[in-house]
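Residue numbers (the numbering used here), protein chains in the order written: chain A, 1 to 350; chain B, 1 to 350; chain C, 1 to 350; chain D, 1 to 350. Each residue gets a CB set at the ideal place from its N, CA and C atoms; glycine is no exception. Contents: one structure, followed by commentary.
4 protein chains.
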Amino acid sequence: MNFASDNTSAAAPEVMAALQAANTGYAAPYGNDPIMDRVRAKLREIFEAPEAAVYLVATGTAANALSLAILTQPWGAVFCHRNAHVEEDECGAPEFYTNGAKLVLVEGAHAKMTPEGLHKAINFIGRGGIHNVQRGMVTITNATENGTVFFPSEVKALADVARGFGLPVHMDGARFANAIVATGATPAEMTWKAGVDVLSFGGTKNGCMGVEAVVIFDPARAREFELRRKRGGHLFSKHRFLSAQMEAYLTDGLWLRLAGQANAAAARLSSALLAAPQTSLVHPCEANAVFAAFPRAGHRRAQAAGAAYYLWPGDQSMEGPDDEALAARLVCSWSTTDADVDDFVALIRG
Amino acid sequence: MNFASDNTSAAAPEVMAALQAANTGYAAPYGNDPIMDRVRAKLREIFEAPEAAVYLVATGTAANALSLAILTQPWGAVFCHRNAHVEEDECGAPEFYTNGAKLVLVEGAHAKMTPEGLHKAINFIGRGGIHNVQRGMVTITNATENGTVFFPSEVKALADVARGFGLPVHMDGARFANAIVATGATPAEMTWKAGVDVLSFGGTKNGCMGVEAVVIFDPARAREFELRRKRGGHLFSKHRFLSAQMEAYLTDGLWLRLAGQANAAAARLSSALLAAPQTSLVHPCEANAVFAAFPRAGHRRAQAAGAAYYLWPGDQSMEGPDDEALAARLVCSWSTTDADVDDFVALIRG
Amino acid sequence: MNFASDNTSAAAPEVMAALQAANTGYAAPYGNDPIMDRVRAKLREIFEAPEAAVYLVATGTAANALSLAILTQPWGAVFCHRNAHVEEDECGAPEFYTNGAKLVLVEGAHAKMTPEGLHKAINFIGRGGIHNVQRGMVTITNATENGTVFFPSEVKALADVARGFGLPVHMDGARFANAIVATGATPAEMTWKAGVDVLSFGGTKNGCMGVEAVVIFDPARAREFELRRKRGGHLFSKHRFLSAQMEAYLTDGLWLRLAGQANAAAARLSSALLAAPQTSLVHPCEANAVFAAFPRAGHRRAQAAGAAYYLWPGDQSMEGPDDEALAARLVCSWSTTDADVDDFVALIRG
Amino acid sequence: MNFASDNTSAAAPEVMAALQAANTGYAAPYGNDPIMDRVRAKLREIFEAPEAAVYLVATGTAANALSLAILTQPWGAVFCHRNAHVEEDECGAPEFYTNGAKLVLVEGAHAKMTPEGLHKAINFIGRGGIHNVQRGMVTITNATENGTVFFPSEVKALADVARGFGLPVHMDGARFANAIVATGATPAEMTWKAGVDVLSFGGTKNGCMGVEAVVIFDPARAREFELRRKRGGHLFSKHRFLSAQMEAYLTDGLWLRLAGQANAAAARLSSALLAAPQTSLVHPCEANAVFAAFPRAGHRRAQAAGAAYYLWPGDQSMEGPDDEALAARLVCSWSTTDADVDDFVALIRG
């Protein structure tokens with residue numbers, strides 16, 4: 001029972017098989033391998049974007065930080081939700097890659113920026129002419145850090161605000177597949193048709209070993225991305241091993257199938273928890289994470305049985321009365337089984 | 001016949017097997033996986049350095065740039081050979097990661113800095129007090145970009161110069177295994193015993209898929225490395241897949257065996273070329289690369305047969321008389337076969 | 001009637017006279033002029049800090065950004081008030097000079113951080129180990145952007161919070177003289193005795209032409225400051241002209257006399273405004289700025305008469321009913337006269 | 001007898017008078033003062049460039065580093081002479097402001113790049129595609145660090161090389177006035193007519209207190225300059241004091257008159273030295289600096305008499321035989337008198 005994060009899971013067998021298959025003979029390095037040609041074509045097809053530039057990196061932080069760096073100047077403000085990964089979990093990688101852009105934090109329940117909140121934040125920045133930082137760009141996370149999702153219409157509403165100020169839009173899609181499965185939207189609807197300029201398209205959390213694609217819908221920005229990637233040390237010499245993961249991930253809808261499994265596990269978990277006594281959801285369960293509060297006694301049983309997950313927020317204490325509710329983050333992945341879920345809920349129920 | 005680079009090779013079967021073996025169940029992310037504990041212990045043992053801090057990243061540029069960043073201030077000079085990878089092949093990653101340190105180029109035949117050249121360069125910088133950049137650090141590449149190697153006594157001579165100015169020393173060991181095999185030195189003799197503070201210990205070019213270790217002999221510098229690695233987007237969530245590669249690489253001397261194969265292939269190639277008419281070596285062949293000049297006719301035959309390698313320098317033209325000698329870089333890897341070598345030489349001989 | 005900012009004022013005659021006096025013969029450049037020796041001694045005496053390192057720059061943004069850069073790493077959080085000059089008015093200079101540190105905004109009425117607010121903010125950052133930015137430093141503005149001041153006991157309360165987390169403390173004293181005059185504290189009480197490590201000691205806003213001192217109470221940080229100043233282009237060659245301004249400013253208590261004039265003008269202005277109908281103060285008037293709200297009709301008369309000042313916040317409209325109150329920022333300087341104040345108030349009263 | 005540098009001189013009386021005259025009443029800050037309007041107009045007239053953007057900063061390093069930052073990307077190569085001020089005397093300010101661009105050093109006698117040397121350097125960089133830094137820009141110093149000058153035809157020859165590669169051109173004109181006087185060229189001929197895009201137009205070394213103009217011939221680059229200047233802490237609040245210096249400097253040809261005095265003093269000095277026994281020039285004397293070698297005995301007499309200047313290079317020793325020649329840098333300024341020169345030469349002759 002491991003609900004600590006989607007990154008504690010293994011890679012999907014299809015991905016591993018593709019790595020093995022790619023490991024024959026010689027291949028051109030640095031993204032010039034023939035598998036990458038197929039990946040490029042496949043992503044363009046999936047996104048209905050024949051002109052899009054496509055690059056691979058190995059970590060989500062790299063995908064995000066490099067994307068931000070091509071969309072804002074160093075003196076720009078990057079508008080993001082207060083709980084965005086770029087703000088909370090990247091040790092300042094966005095500031096490093098952008099050479100000091102300022103992340104401006106937007107409020108919104110369940111880790112979702114609202115158009116009103118975004119408009120207010122953008123409007124405030126830039127009131128001071130040259131003395132302030134300048135309005136730079138907007139980044140939206142989908143699925144969010146709280147396990148919620150944006151529908152395309154919601155993305156568009158945010159992107160419209162950005163457009164109104166002339167700002168480009170990035171989407172942190174570390175869990176993009178989960179959002180697509182959750183909403184039923186097409187990849188195009190969720191991105192460029194809604195106003196997204198650059199997407200971090202996650203693979204690692206959803207069954208890959210370590211690969212993320214960056215999809216740049218306006219190819220004019222592509223060359224700068226290439227240079228920044230190289231300069232950041234993120235261009236792989238034996239690139240075929242990134243390509244092979246991504247090809248497998250995109251083949252026969254594996255990426256959607258894996259996300260579907262993760263989302264289904266989370267739905268099963270949240271439903272079962274809601275049916276348990278004294279248990280409530282902290283955030284709506286819309287993708288592959290469940291944020292739930294349940295009595296400390298349940299936590300004690302789960303932890304004693306070796307269940308791995310985080311109290312969320314982290315400053316809650318396991319010391320205290322049995323019946324006090326503590327909130328937890330429970331992340332499901334492609335590899336979470338029904339048995340994992342059922343065993344865990346049984347522990348919580350006691 | 002692919003002599004384009006060691007990074008066009010596949011990964012060794014042992015490395016791929018280890019990846020598969022690691023792909024079971026859940027594992028703690030971000031370097032907290034149990035395989036990494038074994039890697040740490042193993043590298044400390046190999047380097048006879050029980051206190052050394054050990055980290056993994058996926059690219060050589062990341063290993064180098066992060067290492068430099070913990071050894072120099074932004075206003076420091078990084079003394080390196082004019083042909084060093086950090087100067088010529090990383091698109092300014094050292095400048096990026098150090099926030100603008102200046103690479104000061106040292107001369108020396110066959111890509112080897114000399115103690116005299118190094119002393120002169122260091123002495124020159126820092127003559128101007130606060131107006132100049134300050135003396136920062138020294139970085140030595142072993143094996144070098146020209147296929148030559150430093151013996152421990154040579155490393156020590158350079159490090160002694162650095163020490164005389166109070167400067168720390170980094171070794172770019174993207175081809176460290178090749179240097180160890182070529183010299184017969186122990187890893188400890190080649191590094192901290194000779195005055196090296198931080199080593200980029202390469203795996204990728206020598207049979208791994210994409211993994212480099214950074215070995216920091218003074219653990220006081222370790223925490224900063226961790227933060228810089230994270231901030232640079234180089235901390236892997238599914239870290240076990242880096243660990244597994246490195247564990248396999250270090251097990252049963254695989255790293256030395258693979259380097260031995262590459263060096264032997266290069267020796268066979270250089271000997272056979274030298275025996276061919278009108279052929280000469282541009283640099284001594286001491287590791288896994290051969291820099292040789294031979295008539296354009298030979299190049300024509302080799303290229304027609306599909307042999308992959310680079311003219312070196314790159315501005316030589318295939319247009320011209322048959323008997324004019326053009327220089328080439330021919331890199332062997334663990335997977336280069338005797339047949340590859342013999343077939344190639346046969347083409348050159350015509 | 002110019003209340004736009006203290007930087008629209010002229011320089012004090014004593015400062016101009018000192019510039020003229022310094023303009024004879026040759027002088028050693030780059031801070032090696034004999035006047036600077038006297039400035040150093042004088043500031044050490046004023047601050048009762050015989051070991052302090054003292055440097056001059058020409059702008060407040062330079063003083064602040066360089067100070068921050070020697071107190072935090074690039075991955076550090078800089079805790080400051082939401083309305084601090086470093087956050088709102090320097091176009092990201094702190095991010096630029098620190099290579100991407102993150103300003104974390106602390107709440108507090110009237111532009112004053114509270115110890116509770118500061119503690120909460122620091123505690124929150126750093127909960128995530130290596131994934132978050134790290135706790136870096138605290139910067140306090142005194143007098144604040146809202147014309148309020150911190151007494152030494154209040155500074156100490158904030159600094160104690162910082163110390164509890166091992167963090168250094170900077171004070172943005174662009175209006176330090178105004179705070180000293182307002183509180184009656186000694187410079188030492190307001191700074192190092194209260195826990196301040198580095199002070200930006202303002203001259204420009206208070207009667208100088210363009211000079212700020214940075215006082216570094218722990219001289220171990222001094223060398224880095226020198227290098228960062230030079231690298232930032234802030235080391236003056238004809239440095240005597242910075243020194244001369246600062247010497248005049250410190251002589252015979254000129255700095256306190258000028259601040260006293262500015263504070264007295266603001267007190268006169270705030271009192272007179274409070275006595276006017278339908279007028280209120282937005283913030284307590286404790287130093288040289290008055291934040292007051294009064295009817296639009298008063299604004300119309302003042303602006304028609306050529307009074308210079310800012311509506312604050314800036315998004316208020318001059319269109320609308322006569323009797324609606326609009327808030328204004330009215331900054332007094334050493335050169336504000338009683339007549340300026342009285343004429344302005346007469347206009348407001350109508 | 002002070003020949004240490006042109007920055008040890010006082011400011012010209014006209015400049016000081018202008019500062020005093022500007023010090024009345026209130027003035028709009030940050031470059032919005034009416035004097036700056038006149039400066040802008042005057043510089044556009046002098047340069048026959050009605051569209052040029054004009055900004056003021058207080059130091060030459062700021063002028064240069066900010067200019068470079070708007071002309072190259074962080075991954076660009078800045079081609080400059082090995083002895084350029086940006087390379088040798090700014091403690092890495094160019095690397096800091098550009099976020100890590102690489103200065104690539106071009107050879108050439110007497111601190112003058114040659115078109116051939118420049119072509120070779122540019123050609124070499126960029127051979128490696130994305131792996132190298134990219135070709136960024138060219139910067140030319142006039143008058144040079146060795147007291148020589150470029151004629152417009154020479155500037156054009158260098159700029160033509162740059163243009164051939166699509167690169168913009170900066171001129172470091174810290175001693176621009178000296179070059180103009182020396183060559184008789186018009187400012188327009190020396191700059192945009194010869195292919196210069198951005199000029200650092202020096203005032204400080206030539207009789208001002210501390211002011212440099214940046215003249216941007218293509219106004220499309222202006223907004224970025226403004227933001228970088230502010231972010232660098234180089235935008236003055238009491239800007240009128242920069243404006244006033246520059247206005248005085250430009251009025252009635254003061255800038256040319258002062259440079260004429262300095263050049264004439266240097267010419268007198270070099271002629272007299274050449275007439276002395278055992279004395280030679282190290283570089284041609286074309287502007288306001290004399291690089292001459294003369295016997296150690298002469299140095300001893302000069303130094304005993306208090307003459308200030310630098311041995312150049314700085315590693316020469318005053319210990320040794322009387323008749324050995326040591327080289328010196330002797331810089332004349334607007335304030336150097338005939339008596340200074342004659343007294344010095346008398347000491348050298350003994």
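Contact annotation for A/I130 against chain D: Y30, E226, L227, K230 and L235 [CB-CB distance below 8 Å, chain order]. Burial state of C/Q73 is buried, judged by a 10 Å Cβ sphere holding 16 or more other Cβ atoms. Excluding residues up to 5 positions away in sequence, V149, F150, V155, M171, D172, G173, R175, F176, A179 and M190 lie with their Cβ nearer than 8 Å to the Cβ of B/N142 in the same chain. In this structure, the straight-line span from the alpha carbon of D/S271 to that of D/T279 is close to 11 Å. Judged by DSSP secondary structure, A/A289 falls outside any alpha helix (DSSP H) and instead within the beta strand (DSSP E) spanning A289 to P295.
Separation of the CB atoms of C/L274 and C/V345 is rounded to 10 Å, and the pair is thereby denied contact status at 8 Å. Approximately 11 Å separates the beta-carbon atoms of B/V54 and B/R38; this is outside 8 Å, ruling out the contact. A/S333 and A/N288 do touch by the CB rule: their CB atoms are close to 7 Å apart, below 8 Å. Neighbours of D/N99 across chain B, judged by C-beta separation under 9 Å: E95, F96, N99 and G100. Here DSSP, grouped into helix, strand and coil, assigns D/I216 to strand.
At a beta-carbon threshold of 7 Å, the residues of chain C lying near B/W75 are L227 and R231, ordered along the chain.
In this structure, B/A266 sits near B/V290, with a CB-CB distance shorter than 8 Å. Cβ neighbours of A/A259 within its own chain (closer than 6 Å, five residues either side excluded): A177, N178, V181 and N206.
In this structure, B/L326 and B/A293 form a Cβ contact; the two beta carbons are roughly 7 Å apart against a cut-off of 8 Å.
The straight-line gap separating the alpha-carbon atoms of D/P295 and D/E324 is approximately 5 Å. Of D/A305, D/R300 and D/T336, the smallest CA-CA separation from D/G320 is found for D/R300. Taking a cut-off of 8 Å for Cβ pairs, the stretch 25-37 of chain C and the stretch 209-223 of chain C do not touch, as fewer than three such pairs fall below it. Taking the CA atoms as reference points, A/R163 sits about 49 Å from D/A185. For A/D6, no CB of chain C lies under 8 Å from its own CB, so it is not counted at the interface with that chain. Contact of D/F241 with chain C is assigned, a C-beta pair being separated by under 8 Å.
D/N123 sits in a helix when the DSSP states are folded into three classes. DSSP lists C/Q134 as the bridge partner or partners of C/G76. Contact between C/C80 and A/W75 is absent: CB atoms are separated by about 18 Å, not below the 8 Å threshold.
As the crow flies, the alpha-carbon of A/F241 is around 17 Å from that of A/A62.
Taking a 10 Å sphere around the C-beta of A/D197, we find 16 or more other C-beta atoms and assign the residue as buried.
If you draw a straight line from the Cα of C/L105 to the Cα of B/Y249, it is about 47 Å long. Those residues of the stretch 44-73 of chain B placed with their C-beta closer than 7 Å to a C-beta in chain D do not exist. Secondary-structure assignment with DSSP links D/S200 through a beta bridge to D/D172 and D/V214.
In chain order, I348 place their CB closer than 6 Å to the CB of C/G298, counting only its own chain and leaving out the 5 sequence neighbours on each side. A Cβ of chain D is located within less than 8 Å of the beta carbon of A/Q134. By the 16-neighbour rule on beta-carbons within 10 angstroms, A/R127 is exposed.
Distance between C/L330 and D/R231, taken at the CA atoms: about 26 Å. Taking B/A10 as the centre and dropping the five residues before and after it, the same chain places the C-beta of S335 closer than 7 Å to its C-beta, in chain order.
Of the residues assessed, D/S153 falls on the exposed side of the cut-off, its CB having fewer than 16 other CB atoms within 10 angstroms.
Membership of D/A188 in any beta strand (DSSP E) is not indicated; the residue belongs instead to the alpha helix (DSSP H) covering P187 to M190. Here A/G203 is near A/Q245, since their CB atoms are less than 8 Å apart.
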